[in-house]
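Numbering (my numbering), first residue to last: 1194 to 1410.
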Amino acid sequence: MKPLRLALTKGRLEKDTVGLFEKMGFDCTNLHEKGRKLILSIPETNMEIVLAKAADVITYVEHGVCDIGVVGKDTIMENSSSFYEVLDLGFGRCRFALAGKKGADFYEGYALKTIATKYPNVARSYFKHKGMDIDIVKIEGSVELAPLLGLADAIVDIVETGTTLKENGLEVFETIADISARMIVNIASLKLRKQEIEGLIAKIEQVQKSGSEQSNA
Ligand code: PRP
């Protein structure tokens, strides 16, 4: 049978996912010794891991070339969602926040505010809910620069430890949403490979449960 393909977000979520797989008893040697390889098998299973950028994880799962994906809630919120979000994996915890120069009053005055962000859809929908019109400037990285350079009144970005904000004289004005890694599943795959996928979900939940029991003991 065709391998069950799991698209995994490279970088931050990769390490925690490999840790989870190891707790599930999977042999992750190929993932540890991957070099520049992008598709890796897990021995003794019918699973294949595809390493991809976050937004591409969603694309591969939506198109059905990967059955499952591990991706941050931030990427899910920013992109379309023609897939099932089946599990909160509990790691990769951070938050979406509105932030800007320390001590500044973001809502002061009547002028249209400019928001710099890597997540224009998240920013737009946040201010739409507030009934507030804003200008958005799309930035590709180190969004914290925008208020410092005078390009924006504030940023909508991910805050994990808060170090980047702090070291640059910025602070959180408002928390927009909590974020963590999620497991997503292609709509057809969940029907066609129900047993395998549900088996995998059950195994993850078992590991999560024993982890939380140990930390409560
Ligand atoms: C993210 C985010 C912040 C930083 C927050 O950037 O955009 O800049 O991490 O982390 P902290 O609260 O722990 O300091 P990332 O490292 O993904 O790099 P990028 O800005 O180049 O995308």
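Idealized CB from N, CA, C, for every residue including glycine.
Query raised in the report: If you draw a straight line from the C-alpha of ASP1328 to the C-alpha of GLU1353, how long is it?
Result: Locating residue 1328 in the sequence shown gives position 135, where the first residue counts as 1. Locating residue 1353 in the sequence shown gives position 160, where the first residue counts as 1. Roughly 25 Å separates the two Cα atoms.
Requested in this report: Check whether the Cβ of SER1373 lies closer than 6 Å to any heavy atom of ligand 1, and answer yes or no.
Outcome: Translated into positions along the sequence shown, residue 1373 becomes position 180. Flag unset: Cβ of SER1373 not near ligand 1.
Report task. Could you work out which residue in MET1376, ILE1390, GLU1398 and ALA1245 is closest to ILE1269 when comparing CA atoms only? Result -> Within the sequence shown, residue 1269 is the residue found at index 76, counting from 1. Of the listed residues, the one whose Cα sits closest to ILE1269 is MET1376.
Report task. Evaluate contact between the region 1327-1343 and the region 1359-1373, counting only Cβ atoms and requiring at least three cross-stretch pairs below 8 Å. Result -> Three or more beta-carbon pairs separated by less than 8 Å link the region 1327-1343 to the region 1359-1373, which places the two stretches in contact.
Query raised in the report: Can you give the Cα-Cα distance for VAL1400 and SER1408, rounded to whole angstroms?
Result: What you label residue 1400 is simply residue 207 of the sequence shown in a count that begins at 1. What you label residue 1408 is simply residue 215 of the sequence shown in a count that begins at 1. Near 12 Å, if we compare the C-alpha coordinates of SER1408 and VAL1400.
Query raised in the report: Which runs of the beta strand (DSSP E) fall wholly inside the region 1354-1397 and span at least 3 residues, in chain order?
Result: Qualifying beta strand (DSSP E) stretches, in chain order: 1363-1372 and 1374-1378.
Query raised in the report: Near LYS1396, which residues of its chain fall below 6 Å by C-beta distance, leaving aside the five closest residues on each side in sequence?
Result: For the purposes of this step, residue 1396 is identified with residue 203 of the sequence shown, where counting begins at 1. Excluding its 5 nearest sequence neighbours in each direction, LYS1396 has C-beta neighbours in its own chain below 6 Å: MET1217, listed in chain order.
Requested in this report: Measure the alpha-carbon distance for ILE1261 versus VAL1330 and round it to whole angstroms.
Outcome: Working through the sequence shown from its first residue, we reach residue 1261 at position 68. Working through the sequence shown from its first residue, we reach residue 1330 at position 137. The alpha-carbon atoms of ILE1261 and VAL1330 are separated by roughly 32 Å.
**Report entry** Spatially closest choice to ALA1304 from VAL1263, SER1318, PHE1320 and ASP1326, by CA coordinates
**Finding:** Numbered from its first residue, the sequence shown carries residue 1304 at position 111. Taking only the C-alpha atoms, the option nearest ALA1304 is ASP1326.
Query raised in the report: At which residue ranges does the region 1281-1353 contain complete alpha helix (DSSP H) runs of 4 or more residues, listed in the order of the chain?
Result: As far as the region 1281-1353 is concerned, its whole alpha helix (DSSP H) runs of at least 4 residues are 1313-1323 and 1338-1342.
Report task. Have a look at ASP1281, ALA1297, ARG1386 and LEU1244 and flag the residue whose alpha-carbon is nearest the alpha-carbon of LEU1224. Result -> If you number the sequence shown from 1, residue 1224 lands on position 31. Ranking ASP1281, ALA1297, ARG1386 and LEU1244 by CA distance to the CA of LEU1224 puts LEU1244 first.
**Report entry** Separation of SER1373 from ALA1292, as counted between CA atoms
**Finding:** As a working mapping, residue 1292 is identified with position 99 in the sequence shown. As a working mapping, residue 1373 is identified with position 180 in the sequence shown. A straight line joining the alpha-carbon of ALA1292 with that of SER1373 spans about 19 Å.
Query raised in the report: Just curious, the beta strand (DSSP E) that VAL1211 is in, first and last residue?
Result: What you label residue 1211 is simply residue 18 of the sequence shown in a count that begins at 1. If you look at VAL1211, you'll find it isn't in any beta strand (DSSP E); it sits in the alpha helix (DSSP H) that goes 1205-1216.
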